[in-house]
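Each residue of the sequence shown is one higher than the one before, starting from 5 at the first, in the numbering used here.
Beta carbons: idealized from backbone N, C-alpha and C, even for Gly.
Report on the following structure.
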Amino acid sequence: LMVVGDAAGQVNPLTGGGIISGMTGGMLAGKVAAEAIKDDDTSKGRLREYEKLSYDSIGKEIDKYLKVKDYMLSLSDKELDSIAEAFKDVEFEKISTTELVKKLVKVSPRALLKLGKLF
């Protein structure tokens with residue numbers, strides 16, 4: 005049995021989005037299933053290949069987002085307010101990660117230290 009999408013927990017914990025990760029999981033499960041059938045080996049061990057492939061492709065990113073979510077939940081209301089204020093005029097599609105980090109350092113060095121400990 006191979007499970008994909010929401011049932012497999014392939015959901016972004018920050019946004020709740022899961023269409024792309026679910027489709028990726030489905031594609032990987034399909035490839036593993038096709039190869040297993042072709043090789044006449046649909047054993048549990050053979051199908052576990054999907055678990056490794058999906059973690060490498062989807063799971064690592066989900067783990068990263070889960071850490072960020074946990075970090076955000078650990079912040080005080082005051083810290084969240086100051087971060088929201090600092091980023092209120094930011095055009096996220098036009099700003100680099102480096103610039104975002106610089107803004108975070110200015111507004112809340114403590115918050116950045118907390119985030120850094122996660123990675």
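> Taking just the CA atoms, how far does Leu5 sit from Asp45?
Replying inline: Computed Cα separation, rounded: 13 Å.
> Hey, would you say Ser61 sits closer than 8 Å to Leu18, going by beta carbons?
Replying inline: No, the pair does not count as a contact, with Cβ atoms beyond the cut-off.
> Thinking C-beta only, is Gln14 closer than 8 Å to Ile66?
Replying inline: Yes. Within cutoff.
> Hey, out of Leu119, Glu97, Ile87, Gly120, whose CA is closest to Lys107's CA?
Replying inline: Ranking the options by Cα distance to Lys107, first place goes to Ile87.
> Per the contact definition of three or more C-beta pairs closer than 8 Å, is the segment 73 to 87 in contact with the segment 103 to 118?
Replying inline: Yes: the two stretches touch, three or more of their Cβ pairs being nearer than 8 Å.
> At which residue ranges does the segment 78 to 111 contain complete beta strand (DSSP E) runs of 3 or more residues, listed in the order of the chain?
Replying inline: Listed in chain order, the beta strand (DSSP E) runs fully inside the segment 78 to 111 amount to none, counting runs of at least 3 residues.
> Whose C-alpha, out of Thr101, Tyr59, Val111, Asp93, is nearest the C-alpha of Leu84?
Replying inline: Comparing Cα-Cα distances from Leu84 to each of Thr101, Tyr59, Val111, Asp93, the minimum goes to Val111.
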